[in-house]
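Enquirer: This is the structure, below, for whatever I ask next.
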């Protein structure tokens, strides 16, 4: 049974009833002092709460402007809220909505909505004699500039990465797909700190059943809040016990746009600099945005290199252990004499030798990530050279083992997706244990179990092994071989798009001659 089905299914009506019992929804009063007292009761120990009272010639009755100065834009408040209300030259015939010409302006009628909007960075206007409040979007929380993506480097692609604000991330994607069919559904998740999730898709391409499946899983989540994209992925993935990522995480807007055009769905998590994409397939983790901006022959060669690196990074240490411990008869005589000479003074069995080096490599990798960039590179290079040379001279490991571990590390770096590379690092240790216990037979059994697991996986109900299992030869044009773009006229059938044909025929006339 899928992991998401095992979670407690609670209807939205039940959740709202529990929420209403624990938090009584108070209506807005027509008396301004009562509203201010209620706000002070809600926002206790909140020194950044600003309550400013003033009179305006444009509105009858005293006005109270309420906002959090740490989340609101002061310039927007001064220029678009206070100045129109305090300016005597403004036309008396203008309504309050016309005066406040900034972003989105709407009305709320209870303090629960007021609390939510203030905590989201909006400003709220209370007017004497009115049982309603006016919400003005004046968001101004701290933001960072758009920078080059850190995990998904590109040679020919754009040098723009997502930031922690969903509005900017949506704008980056819209720059690539300025089409009216690009739709967004907003879903709020979290009981204590509501997080806005923006589900983005092409309405005339994405499969509505897959979209509904994704929405149902998101609406079943009951947590305090969602802090980042990784948490959301764990709640909605099909198999939580699989080491393989079942949804794609990207920090590049051009990558997200490419997947949307294939019929996939993107989920933008507010406050997170990465976007979740699904449904995903195993081959999609070996594709890179540069594959489609280089010559197709070169891109095919590089993609084949990635699949070869996946095999090497997963099985090479296990094959070394199996050949040295059990199946040494298949090694040529000259090579086995050389290996025996290098292992002559090594006191540990091959498994312990491999585990020692692999764990040391993982520690160096993690330490390089956590340290500042200049220091991390120095630790990785100097640590690898010094430790590798020292352990060989001390006779703890053999020269062959150092070569195997180095080749394995280089192969794992070639895999373009970090989550898939992390899964390979985990599976490598399982294969090493199987090889130490059963030799080549153990590796074969592990390979069969790995293939069976990949075939059985699904991503939002879509087969994970597509186009290899089930076999879809039409999708092989963008599988191991990256065919010319003018030959890929169909969208991948693995995503079940409702519009299978891409727009137009991009092949030049007369090219068949």
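In the numbering used here, the protein residues as written are 79 to 591.
No residue lacks a Cβ here, since even glycine has one placed at the ideal position from N, Cα and C.
Using the beta-carbon count (16 or more within 10 Å), is residue 453 buried or exposed?
Expert: By the neighbour-count rule (16 or more Cβ atoms within 10 Å), residue 453 is not buried but exposed.
Enquirer: Between residue 391 and residue 490, how many whole angstroms is the CB-CB distance? I'm expecting something under 8 Å.
Expert: With a Cβ gap of about 4 Å, residue 391 and residue 490 count as contacting.
Enquirer: With 16 as the cutoff for other CB atoms within 10 Å, does residue 337 come out buried or exposed?
Expert: With 16 or more Cβ atoms within 10 Å of its Cβ, residue 337 is classed as buried.
Enquirer: If distances are taken between C-alpha atoms only, which option among 377, 215, 369, 518 comes closest to residue 144?
Expert: Comparing Cα positions, the closest option is 215.
Enquirer: By Cβ distance below 7 Å, which residues in the same chain neighbour residue 178 in space, the five residues on each side in sequence not counted?
Expert: Once the five neighbours on either side are set aside, the close Cβ partners of residue 178 are 158, 159, 162, 214.
Enquirer: Assuming residue 393 and residue 509 make a contact with CB atoms under 8 Å, what is their CB distance in whole Å?
Expert: Residue 393 to residue 509, Cβ: 6 Å. Contact.
Enquirer: Using DSSP's beta-bridge definition, name the partner residues of residue 356.
Expert: Its beta-bridge partners are 343.
Enquirer: In chain order, what are the residue ranges of uninterrupted beta strand (DSSP E) at least 3 long that sit wholly in the region 106 to 194?
Expert: You should have 127 to 134, 137 to 146, 183 to 186.
Enquirer: Expressed to the nearest angstrom, what Euclidean distance is found between the alpha-carbon atoms of residue 297 and residue 197?
Expert: C-alpha separation (whole angstroms): 22 Å.
Enquirer: Any idea which residues DSSP pairs residue 280 with across the strands?
Expert: Bridge partners of residue 280: 260.
Enquirer: Going by C-alpha to C-alpha distance, which of 556, 567, 222, 423 sits closest to residue 381?
Expert: The candidate whose alpha carbon is nearest that of residue 381 is 556.
Enquirer: Check for me: the beta strand (DSSP E) holding residue 573 runs from which residue to which?
Expert: Neither: residue 573 is in no beta strand (DSSP E) and is coded neither H nor E.
Enquirer: Express the C-alpha separation of residue 497 and residue 186 in angstroms, rounding to a whole number.
Expert: Cα to Cα, the separation comes out at about 43 Å.
Enquirer: Determine the DSSP secondary structure at residue 403, reduced to helix, strand or coil.
Expert: Correct three-state label for residue 403: helix.
Enquirer: Using the C-alpha atoms, what's the distance from residue 174 back to residue 183?
Expert: Whole-angstrom Cα-Cα distance: 10 Å.
Enquirer: Taking only the alpha-carbon atoms, compute the straight-line gap between residue 340 and residue 532 and give it to the nearest angstrom.
Expert: Roughly 22 Å between the two C-alpha positions.
Enquirer: How many Å lie between residue 271 and residue 114 at the Cα?
Expert: Taking the straight line joining both Cα atoms gives about 23 Å.
Enquirer: Quick one: which unbroken alpha helix (DSSP H) runs of 4-plus residues sit fully inside the region 186 to 252? Chain order, please.
Expert: The region 186 to 252 contains these whole alpha helix (DSSP H) runs: 189 to 197.
Enquirer: May I ask you to report which of helix, strand or coil DSSP gives residue 100?
Expert: With a pLDDT of 41 at residue 100, under the threshold of 50, the modelled position of that residue is not reliable, and no figure is offered here.
Enquirer: Give me whichever residues DSSP pairs with residue 536 in a beta bridge.
Expert: In DSSP, residue 536 forms a bridge with 541.
Enquirer: Pull up the DSSP beta-bridge partners for residue 556, would you.
Expert: Answer is 560, bridged to residue 556.
Enquirer: Considering Cα atoms alone, identify which of 125, 151, 108 is closest to residue 141.
Expert: Taking only the C-alpha atoms, the option nearest residue 141 is 108.
Enquirer: Whole-angstrom Cβ separation of residue 363 and residue 477, contact assumed at under 8 Å?
Expert: Not a contact, Cβ separation roughly 33 Å.
Enquirer: Go ahead and pull the three-state DSSP assignment for residue 478.
Expert: Three-state DSSP puts residue 478 in a helix.
Enquirer: Take residue 406 and list the residues in its own chain whose beta-carbon comes closer than 8 Å to its own, dropping the five residues that flank it on each side.
Expert: Only 414 meet the Cβ criterion.
Enquirer: If you reduce the DSSP assignment to three classes, tell me which class residue 486 lands in.
Expert: The answer is helix: DSSP assigns residue 486 an H, G or I state.
Enquirer: Quick check: the region 537 to 556 against the region 311 to 331, are at least 3 beta-carbon pairs closer than 8 Å?
Expert: The region 311 to 331 is in contact with the region 537 to 556.
Enquirer: Name the one or two DSSP bridge partners that residue 549 has.
Expert: For residue 549, which the question treats as bridged, DSSP gives the partners 546.
Enquirer: Going by the CB atoms, is the gap between residue 243 and residue 348 shorter than 9 Å?
Expert: Yes, Cβ-Cβ distance for residue 348 and residue 243 is below 9 Å.
Enquirer: Considering only the alpha carbon of each residue, which of 353, 231, 254 lies closest to residue 277?
Expert: Residue 353 is the option with its Cα nearest to residue 277.
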